[in-house]
Every structure is written in C-alpha cells, then in structure tokens.
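For the sequence shown, the residue numbers in my numbering are 88 to 330. Below is one structure, written out as structure tokens; the observations come after it.
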Amino acid sequence: MLEREQVQEDAILRKKEKARLFLGASLAFVVLLSLSFVTIHWDEGYMVSVSPAGSDEENIKYVALTYDDGPNPVYTEKLLQVLEEEHVQASFFMMGKQVENYPQVVKQVATKGHLIGNHTYSHVNVCQLSEERVKEEVQKTNELIYECCGQTPEWFRPPFGCNREKLISGMHMYQVFWNVDPLDWSVQNTGTIVNHVLKYVKDGDIILMHDAYPTTVEATKILIPKLREMGYTFVTVDEMIQP
88 MLEREQVQED AILRKKEKAR LFLGASLAFV VLLSLSFVTI HWDEGYMVSV SPAGSDEENI
148 KYVALTYDDG PNPVYTEKLL QVLEEEHVQA SFFMMGKQVE NYPQVVKQVA TKGHLIGNHT
208 YSHVNVCQLS EERVKEEVQK TNELIYECCG QTPEWFRPPF GCNREKLISG MHMYQVFWNV
268 DPLDWSVQNT GTIVNHVLKY VKDGDIILMH DAYPTTVEAT KILIPKLREM GYTFVTVDEM
328 IQP
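Here is the structure:
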C-alpha cells in the first residue's frame with residue numbers, strides 16, 4: 088500500500104515539474120517576442136523561423152518610376168531634387184538631341200545614381216525605320232551619353248512603344264516598356280496624373296512619365312509618399328526586369 092502511494096506521489100511531482108517547465112518556457116517565449124520585435128513564420132503549426140519584423144520579402148511590393156524625353160534643362164533638375172529628398176532612385180530614358188543640348192544635366196542624373204537609358208536620338212518610331220537607321224539612332228545616343236557621363240546604356244525604351252526586340256537585343260541592349268501610363272505629357276494636370284497612377288498601379292509595375300513638365304514634378308512629389316503608404320518600394324528598371 089505504501090509503495091503504491093509513493094508511486095502516485097512521484098507521478099504528481101513529475102506532472103507539477105512538467106507544468107512548471109512549460110510555464111517557464113511560455114513566459115520566455117513571450118519575453119522574446121516583446122523585446123526583439125520578431126516575426127514568426129509557421130508551417131503546419133510549427134515555428135520554423137524567426138526574422139525581424141517587416142523583413143519578409145514576400146510582402147514587399149515594387150514599383151519603378153521612369154521618365155522619358157529628357158534631359159530637360161529645368162524640370163529634370165527639379166525632379167532630381169524631389170527624388171533626392173525622398174531617397175528614391177528612378178530611371179531616365181534620354182533622347183540624343185537633348186543629351187547634346189544639356190550634357191551637364193546628364194552628368195547630374197548619373198552622379199545621383201539614377202539609371203540612364205536610351206530613347207533614340209530624335210524620338211522616332213523605330214518600326215517605321217530600316218535596321219540601319221534604327222542602329223544609327225540608338226548608337227549615336229549611346230555615344231553621346233557615354234561622352235557625358237562615362238556610361239553606355241544597356242536599356243532601351245522605344246518611342247511609341249514599338250517593339251524591335253530582335254534588332255535591339257542584337258545591339259546588346261534590353262527593351263523596356265511600361266504598365267501604367269497617366270499620359271502626363273497630354274493632360275498636364277497634377278491631380279489627374281496622381282489619381283491615374285494610384286488607381287491602376289500594381290506590384291511590379293513600371294510607371295511612365297516625362298521629365299519635361301512642372302505638373303509631372305508636382306505629381307512625383309505627391310506620388311512617392313502615397314505609394315510608400317501603400318507599401319511600395321522604389322526600384323530602377325534593371326532591378327525590376329530580369330534580362
């Protein structure tokens with residue numbers, strides 16, 4: 088009888104010890120969460136990893152701001168100021184004619200770390216030109232940009248969105264199009280530009296605008312913080328597109 092009572096007493100003690108250990112582990116777990124601000128990932132009910140809150144790349148949304156037809160002697164510089172204040176890198180697709188006229192602006196864009204792309208020399212529809220003329224338009228622009236800032240563009244945006252992929256890839260360049268076009272050059276209305284972008288933007292989109300209008304500069308000022316509020320991270324097209 089005494090032996091049975093001893094066994095029962097030992098069992099009770101073991102249960103109490105397990106409960107104490109479980110409680111201690113639970114409290115330690117709560118403290119870990121409150122002090123280190125971590126995000127817990129679960130798989131079939133089990134904790135499989137711990138990472139800093141907000142570092143889950145699956146939840147990050149990306150967007151690229153791109154600007155065509157520059158450099159502009161007034162509005163490209165104003166736009167650069169906005170981007171610098173907001174710590175945003177953008178992509179500028181430049182026309183060779185404008186590069187010739189405003190080489191100092193090209194240097195500023197390059198110095199501030201933005202991506203510089205090719206937008207032909209004279210903003211022509213490359214689908215209406217011979218291969219020889221297209222190469223001339225593109226190569227001349229590349230040479231002018233290199234003379235200004237020491238960079239040879241790898242990224243080409245065809246005016247009017249005309250696709251000459253085989254020809255362009257044969258020149259060792261990559262074509263870049265767009266997903267969101269607020270027609271800023273046409274409407275020249277800040278509110279209309281902003282509303283269009285916010286209505287249609289999605290993760291992974293490339294936004295097309297032009298660095299030649301005051302309304303585009305103002306729209307950019309508004310769009311950057313609003314897109315950040317929506318969870319977007321800004322990247323350049325080379326980060327967005329995998330060649």
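Glycine residues also receive a C-beta, built at the ideal position from the N, C-alpha and C atoms.
V169 carries a helical assignment under DSSP once its states are collapsed to helix, strand and coil. Annotation: F180 to L285 spans about 23 Å, alpha carbon to alpha carbon. Residues V281 and V284 of the same chain have their beta carbon placed closer than 7 Å to that of L310, with the five preceding and five following residues left out of the count.
In this structure D292 touches V150 by the C-beta definition: roughly 6 Å separates them, less than 8 Å.
One alpha carbon belongs to V274, the other to N266, and they sit about 18 Å apart. Segment contact: the stretch 218 to 230 against the stretch 292 to 309, fewer than three CB-CB distances shorter than 8 Å; contact not assigned. For the pair F321 and Q176, the CB atoms are nearer than the 8 Å cut-off. Put simply, of P301, V263, H259 and D290 the residue whose alpha carbon is nearest the alpha carbon of T277 is P301.
DSSP places M296 in the uninterrupted beta strand (DSSP E) bounded by D292 to H297.
The bridge partners DSSP lists for V322 are A151. Here C214 is exposed, its C-beta having fewer than 16 other C-beta atoms within 10 Å. Excluding residues up to 5 positions away in sequence, M182 and P246 lie with their Cβ nearer than 6 Å to the Cβ of H210 in the same chain. Residue pairing by DSSP places Q262 opposite F243 in a beta bridge.
Among the bridge pairs identified by DSSP, L202 is matched with S178.
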